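Residue numbers (this note's numbering): 802 to 1148. From the three backbone atoms N, C-alpha and C, an ideal C-beta is built for every residue, glycine too. The model shown is predicted, which means the values in this text are computed figures rather than measured ones. Read the structure below first, then the notes.
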């Protein structure tokens, strides 16, 4: 089913029911604010048939209690599960959702006040504009790690990020636009179909690249719309202790989502596989080669500036890059190992 097949099949926002699914793990610090920002944005719109489902993914803190105690005038339902990762948490929430539409949100995301009002107006104007990816902002002040991730995002999806505007993309140009399951809005049956057809190269779904695979499938059903007026702010990790495991995990999931023919990054991955052991071998033979890191980081800074990033963001990219390279590469190779092990164990 393409975009033209969706016309008038799904109800207008004023007539539709909406389920908001928030997977949460040890999010007691953020879940209350996340829900309050969400509530304010919803009240600025005319969405009325709303349910919020918080899926507590085996938290060891007071995530569920804090969510339950947050009063925003909208029913909040808690689903508890053993720690299984956000892929299965979202699926559990989706199976129990009663809405015509579903919004996937994360537990440390603040919804902009006008997002739902804007979303509603766009669907009213264009009955085919029923799938939306959130425009994600980051609070980067005083946080080099947030600046680093923002700059990576800016460079990877520069086609949109340099001049954010209302646009849409489909299966052919999917790899060139921002996407993610944070602030992702779609008909419930689209998401159910995407989950039904979801595959991963890993035996443990915690390591799966859920964002890329799920959303890529949805482009078979409809174009995805994005606009800076449908916006969310991500509360980024600000400590080295949080940055390292997050970076390691990103390397693992990258292999699952992009190391295949047809991906924009496939040949870059192959080249990386060759270069890393060669560089390590040369550095072991001659450690003085590490001094080349200095001009390389200067080049990275200059390159980011030329492509339009702010000075502070480009500096953070260069500053954090050595640390990122070590742990992302470790995750990259761990992902390859897990992929080989999983395929070798299949009959």
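Asked                                                                                                                                   : Found
Segment contact, 8 Å Cβ cut-off, at least three pairs: the segment 930-940 with the segment 1077-1096                                   : no
Beta carbon of residue 753 nearer than 8 Å to that of residue 817                                                                       : Because the chain spans 802 through 1148 in this model, residue 753 falls outside it and cannot be assessed.
One or two residues paired with residue 939 in a DSSP bridge                                                                            : 1035
Boundaries of the alpha helix (DSSP H) in which residue 979 is found, first to last residue                                             : Neither: residue 979 is in no alpha helix (DSSP H) and is coded neither H nor E.
Span of the alpha helix (DSSP H) around residue 881                                                                                     : Run containing residue 881: none in the alpha helix (DSSP H); it sits in the beta strand (DSSP E), 877-882.
Sequence-distant residues of its chain with Cβ nearer than 8 Å to residue 1007 (five each side left out)                                : 885, 886 and 888
Those residues which DSSP pairs with residue 814 across a bridge                                                                        : Looking at the DSSP assignment, residue 814 forms no beta bridge with any residue, so it has no partner.
One or two residues paired with residue 933 in a DSSP bridge                                                                            : 986 and 1026
Rounded C-alpha distance that separates residue 910 from residue 1016                                                                   : 19 Å
Given 8 Å, three or more beta-carbon pairs between the segment 964-979 and the segment 1024-1037                                        : yes
Which residues DSSP lists as bridging residue 911, in chain order                                                                       : 1034
Nearest candidate by alpha-carbon position, reference residue 1057, set 1119, 1036, 905 and 1133                                        : 1133
Residue 852, enclosing beta strand (DSSP E) - first and last residue                                                                    : 850-858
Close Cβ partners of residue 802 (< 7 Å) along its chain, the five nearest in sequence each way excluded                                : Legend: pLDDT at residue 802 = 46, less than 50; position of this residue unreliable, no value from coordinates given.
Counterpart residues of residue 821 in DSSP-defined beta bridges                                                                        : 853 and 904
Alpha carbon of residue 924 to alpha carbon of residue 1145, nearest angstrom                                                           : 47 Å
With 16 other Cβ atoms within 10 Å as the buried cut-off, status of residue 1093                                                        : exposed
Contacts around residue 1152, its chain only, beta-carbon distance under 6 Å, and the 5 residues preceding and following it disregarded : Outside the displayed range of the chain (802 to 1148) lies residue 1152, so it cannot be described from this structure.
Counterpart residues of residue 969 in DSSP-defined beta bridges                                                                        : 1026
Beta-carbon gap between residue 856 and residue 877 smaller than 8 Å                                                                    : no
CB of residue 1129 within 8 Å of CB of residue 1052, strictly                                                                           : yes
Residue 1058: first and last residue of the uninterrupted alpha helix (DSSP H) it sits in                                               : 1041-1059
Chain-order list of residues whose beta-carbon lies under 7 Å from that of residue 978 (same chain, five-residue window excluded)       : 958, 960, 961, 970 and 1027
Opening and closing residue of the alpha helix (DSSP H) in which residue 864 lies                                                       : 864-870
Residue 1005 (DSSP reduced to helix, strand or coil)                                                                                    : coil
Whole-number beta carbon distance between residue 825 and residue 864, since they are thought to touch under 8 Å                        : 5 Å
Option in 972, 832 and 1118 with minimal Cα separation from residue 862                                                                 : 832
At least 3 beta-carbon pairs within less than 8 Å: the segment 944-954 vs the segment 1110-1121                                         : yes
Closest Cα partner of residue 1050 within the set 1010, 908 and 1104                                                                    : 1010
With 16 other Cβ atoms within 10 Å as the buried cut-off, status of residue 1112                                                        : exposed
Rounded separation between residue 812 and residue 939 - CA only                                                                        : 32 Å
Counted within 10 angstroms of its Cβ, other Cβ atoms place residue 998 as buried (16 or more) or exposed                               : exposed
Separation of residue 1083 from residue 906, as counted between CA atoms                                                                : 45 Å
Beta-carbon proximity list for residue 805, same chain, < 8 Å, skipping 5 on both sides                                                 : Model confidence at residue 805 stands at a pLDDT of 47, short of 50, so the residue's coordinates are unreliable; what they give is reported in the following sentence. Answer for residue 805: 929, listed in chain order.
Sub-8 Å separation of residue 842 and residue 913 beta-carbons                                                                          : yes
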